[in-house]
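One structure is given here, and the rest of the page talks about it.
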Amino acid sequence: MANRDILIVGGGLAGLFLALKLAPRRCTVIALAPLGQAAASAWAQGGLAAALSPEDNPSLHAADTVAAGAGIVDPVVARLIAKEGANRVRDLLELGVPFDRTADGELALSLEAAHSRARVARVSGDLAGKAIMESLTYAVASSAHIEVIDRVKALALLQDTNGRIAGVLAKDATGRTLELHARETVLCAGGSGGLFAITTNPRSSQGDAMAMAYTAGALIADPEFVQFHPTAIDIGRDPAPLATEALRGEGAKLIDRTGRAFMTDYHPLADLAPRDEVARAIHCERAAGRGAFLDCRAAIGAHFPDHFPTVFETCRSANIDPREQPIPVAPAMHYHMGGVVTDLWARTSLEGLSACGETASTGAHGANRLASNSLLEAVVFAERAARRLRDSNLPEAGPATATSPPELNELSLVELRKRMHGQVGVVRDAPGLGATLDWITAAKTNVGQARALVASYLITAGAFARQESRGGHYRSDYPEHAPPHRTFMRKGEDGLPLIQHSAIAAGA
Ligand SMILES: Cc1cc2nc3c(=O)[nH]c(=O)nc-3n(C[C@H](O)[C@H](O)[C@H](O)COP(=O)(O)OP(=O)(O)OC[C@H]3O[C@@H](n4cnc5c(N)ncnc54)[C@H](O)[C@@H]3O)c2cc1C
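Reading the sequence shown from the start, the letters are residues 648 to 1155 in the working numbering.
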């Protein structure tokens, strides 16, 4: 196969923004589906956070990011995304993204949970992701420097004898195996929600990039930190549609089957408690058989179709009228804070390999992502990767190979997702995590190093090793904080992760 210059694995926000910013340097984007599909970016409802108003500034945004991350956000990275955010929003405006405006023509900014200022740029209420992806897809289609190959799945990283990454081994829609060689490979393949039975992510977001990078020897950080969205709509759909937190912001209440509002039993802020606290409360109510429902009747009522069109349509499609009936909800795997370690320029620990977007662990999110910071992180780091790569003289790798890993069959994937949801979910403990590690190990013995098994093992091993509760990671057997530390993992000689915990100095 012909050599490519820069190969971008993933056509979500991170991948497309990087491709556009690389102009005029040639690049190739591969994606599982046509652009705009099978990408979490297109589903983002809230919007993109950035300090854009006169009442706001990057220091305040960075401070909120650090506070939300429960002690392990890298403050340098928090400042960096906060500082560069406004310029990236301007870039998106230039690309035609129709962010909502006030009557005066200023950007209309929403206030979201744990933000001290209104700073979330949105589109038509809850359609930010769709609008952003439409603008970017349009721009990509008219950019001669970008080649897009969709319906292609990356299976493994090609690597030369010096360990330099040289592209990917991939499979096209006909099942044909391809070797896509490149001077630089950038993983922008999203998160890993599809490894959990209840998720808001596209099913195909199965931690492929983390598994491929780990297998090739890259450093992974904090894989145990997963954010569960408290209120996925529980109508038996996979993936589960989202009931945005703005509903509770407007006064909607969580109730059990008898109509009792239960959040006051769990947290002084009741329905406006932090995301992880609400997710655990809902988990407990459901586990106790009382069920959990979002009651929007009094707070939103007749305004529902205008104010929350996406949620309204979803409910109606399941024969629920949220103006008159409570919405059944369940916590769902929503965002992966951990992932492939990158530096401030999106470089991974392997030569020839970069990563951006949800795949990367930049240090921006710590143990808990601040709402609407993920679209921000994706564009900031994609632009920085482009700035580094655009004019760089990239060396070519030597002859490179990769072993094609097996795929997990559907039956095993269903079982894996059930176990990840039940035992590596909102509430974790040593027996459940240990049993999951044993199950994955046995599955690996039978099937081999399938990417879904490798990624799930890293998440579970990180959760097992972290003997404390922090942010999105809650251990019922270790409910307290330990001194703050990050988890780093690299593949050992036996294929299992070598885990190192790295302490964070006070005040860092
Ligand atoms: C329902 C929902 C609502 C959200 N709302 C918000 C919000 O309001 N604000 C916010 O900041 N964040 C939000 N998020 C999170 C945010 O959308 C994501 O973190 C972000 O869009 C990730 O962008 P990405 O480009 O890294 O990945 P994605 O957009 O998921 O794109 C991944 C790409 O990689 C491709 N891919 C995956 N595996 C492979 C493979 N093996 N080979 C080839 N290609 C592959 C996919 O096809 C896709 O093109 C939300 C997420 C969800 C699910």
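No residue lacks a Cβ here, since even glycine has one placed at the ideal position from N, Cα and C. Note that this is a predicted model, so its numbers are computed, not measured.
A Cβ-Cβ distance of about 6 Å is found for the pair threonine 847 and glycine 840, placing them in contact under the 8 Å criterion.
Distance from the CA of valine 1061 to the CA of lysine 1091, rounded to the nearest whole angstrom, comes to 15 Å.
Looking at Pro681, Ala729, Leu682, Ala1032, the one whose alpha-carbon comes closest to that of leucine 695 is Ala729. With a minimum length of 3 residues, the unbroken runs of beta strand (DSSP E) contained wholly in the segment 999-1058 fall at 1000-1002. C-alpha of glutamate 1054 to C-alpha of alanine 691: approximately 29 Å in a straight line. Around the Cβ of histidine 930, a 10 Å sphere holds 16 or more other Cβ atoms; the residue is buried. With a cut-off of 7 Å, the C-beta of serine 1019 is classified as near ligand 1, since at least one heavy atom of the ligand falls inside that distance.
Each residue's CA atom was taken as its position, placing leucine 916 and glutamate 892 some 14 Å apart. Here DSSP, grouped into helix, strand and coil, assigns methionine 1136 to strand. Glutamine 806 sits away from alanine 817, with the two beta carbons spaced by 8 Å or more. Where leucine 866 is concerned, there is no enclosing alpha helix (DSSP H), because DSSP gives it neither an H nor an E. Residue side-chain check: leucine 695 places its Cβ nearer than 7 Å to a non-hydrogen atom of ligand 1.
In summary, glutamine 1114 is exposed, with fewer than 16 beta-carbon neighbours lying within 10 Å of its beta-carbon over all protein chains present. Boundaries of the beta strand (DSSP E) around arginine 651: 650-656.
With a threshold of 7 Å, the Cβ atom of isoleucine 867 does not count as near ligand 1, since no heavy atom of the ligand is closer than that. Annotation note: the segment 920-968 contains the following uninterrupted alpha helix (DSSP H) runs of length 4 or greater, listed N- to C-terminal: 922-934, 951-954, 956-964. Taken from the Cβ of cysteine 674, every heavy atom of ligand 1 lies 7 Å or farther away. When beta bridges are read from the DSSP output, arginine 994 appears opposite Ser1001. When the alpha-carbon of glutamine 1147 is set against those of Leu889, Thr995, Ala1108, the nearest one is in Ala1108. Beta-bridge partners of tyrosine 1125 (DSSP): Arg1122.
Below 8 Å, too few C-beta pairs join the segment 946-966 and the segment 1041-1052 to call them touching: fewer than three. Annotation: the continuous alpha helix (DSSP H) that includes histidine 708 extends over 705-715. It is roughly 19 Å from the alpha-carbon of glycine 1010 to the alpha-carbon of arginine 1035.
In the structure shown, isoleucine 812 falls within a strand segment according to DSSP collapsed to helix, strand and coil.
When the five nearest sequence neighbours on each side are left out, the beta carbons in the same chain lying within less than 6 Å of the beta carbon of alanine 661 are those of Cys835, Cys1003, Gly1004, Ala1025, Ala1029, in order along the chain. With respect to the 8 Å criterion, arginine 1016 and glycine 854 are not classified as neighbours on the basis of their beta carbons. The shortest CA-to-CA distance from tyrosine 1104 to any of Gly1119, Met1136, Arg922, Arg1117 is the one to Met1136. Bounds of the beta strand (DSSP E) holding methionine 980 are 974-983.
Spatial neighbours of valine 925 in its own chain (CB-CB distance under 6 Å, excluding positions within 5 residues in sequence) are listed in chain order as Pro877. Here glutamate 871 is buried. Its C-beta has 16 or more other C-beta atoms within 10 Å. The criterion of a C-beta distance shorter than 8 Å is satisfied by alanine 666 and isoleucine 655. In the same chain as arginine 673, and ignoring 5 residues on each side of it, the C-beta atoms closer than 6 Å to its own belong to Asp652, His792, in chain order.
For proline 722, the enclosing alpha helix (DSSP H) begins and ends at 722-741.
Between aspartate 912 and arginine 937, the C-beta spacing is not below 8 Å.
Scanning Leu756, Val1073, Ala760 for the CA closest to the CA of glycine 896 turns up Ala760.
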